[in-house]
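What follows is a short report on a single structure.
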Amino acid sequence: MSESTKAKMNVIVVKDRLEGGQQGYQVFKEAYENGAKVYGLATGSTPVTTYDAIIKSDLDFSQMTSINLDEYVGLEPTHPQSYHYFMQTHLFDQKPFAQSYVPNGMNADAADEMARYDQIIADNPIDLQILGLGQNGHIGFNEPGTDPAMGTHKVTLTESTIKANARFFEHETDVPRYAYSMGIASIMKSHQILLEAYGEEKAAAVKAMIEGPVTTDVPASFLQNHNHVTVILDEASASLLTK
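Residue numbers (the working numbering): 6 to 248.
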């Protein structure tokens, strides 16, 4: 896609992830005040400061719906490293939603789980989707090479993603090798997208996402084709962007 036809992302550069969380909260607040009812949520360390700011706010999600991006295959919802557990401890215990959907990592029938989750997304169009960014350019667990037309799918995690997630487990061998993930096509259907990325280790992926070609080598680059994307970066993650 030529540069001239790319949708322009709204890029906000902040001092650190704490300030980024405040900016992320403002995006949520504006969407909320504009009538957003369905929120696509992400896990990992990146959105935590945004969730912390939401928890401290007076926003009430008790009539709202949340749909999570992904979940490890094979982890019970009560497992401390499952994304069910993450969302409970980092948001839902303090700010419950009327309905919260997370892929069922214990469903051994991948086709059934993929169809179930695609139907949930179809029935609850996402107003605001929050994303993190992998060092290899992944969003959700959509790794390089993922077909952008795919909906929910079972993913074989790359070695770089496994290594990045190993810090959350006692042994690297404990890290799940598969996950269910919302697809790029699912993400792109969201009315609005908020992506946050922090740290120097994300700088190359940020540059490729914003300034590089739209390519399956960098799944996040497909966000260039969306017409309502806000990107929040700290100075380190924004360090390679063209000034």
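All residues carry an ideal CB built from backbone N, CA and C; glycine is no exception.
Minimum Cα-Cα distance from N112 among the listed residues T70, G79, D123 corresponds to G79. Judged by DSSP secondary structure, L23 falls within the alpha helix (DSSP H) whose first and last residues are 22-38. In the three-state reduction of the DSSP assignment, E81 falls in the coil class. In this structure the stretch 151-163 does not touch the stretch 83-97; the number of beta carbon pairs closer than 8 Å is below three. Take the alpha-carbon of N147 and the one of L46: they are about 15 Å apart. When C-alpha distances from D114 are compared across Y185, D239, K248, the shortest belongs to Y185. Between the alpha carbons of A154 and I189 lies a gap of roughly 7 Å.
Taking all protein chains in view, the Cβ of P52 is crowded by 16 or more other Cβ atoms within 10 Å, so the residue is classified as buried. Secondary structure of E118 (DSSP, three-state): helix. Nearest in C-alpha terms to A209, of all of E240, I192, D179, is E240.
Minimum Cα-Cα distance from G49 among the listed residues Q28, G40, T94 corresponds to T94. The closest CA to that of G40, considering only F66, D98, R121, is found on F66.
Nearest Cα to M69 within the set E38, F102, D63: F102.
Excluding the 5 residues flanking it on each side, Y30 has same chain C-beta neighbours closer than 8 Å at T55, A58, I59, S62, in chain order. Listed in chain order, the beta strand (DSSP E) elements of length 3 or more contained wholly in the stretch 110-162 are 133-136, 158-161. DSSP links E201 through a beta bridge to I237. Nearest C-alpha to D123 among L133, E216, N109: N109.
In this structure, K212 keeps its C-beta atom at 7 Å or more from the C-beta atom of L238. Short of 6 Å from the beta carbon of V236, and not among the five residues preceding or following it, lie these beta carbons of its own chain, in chain order: M14, V16, L200.
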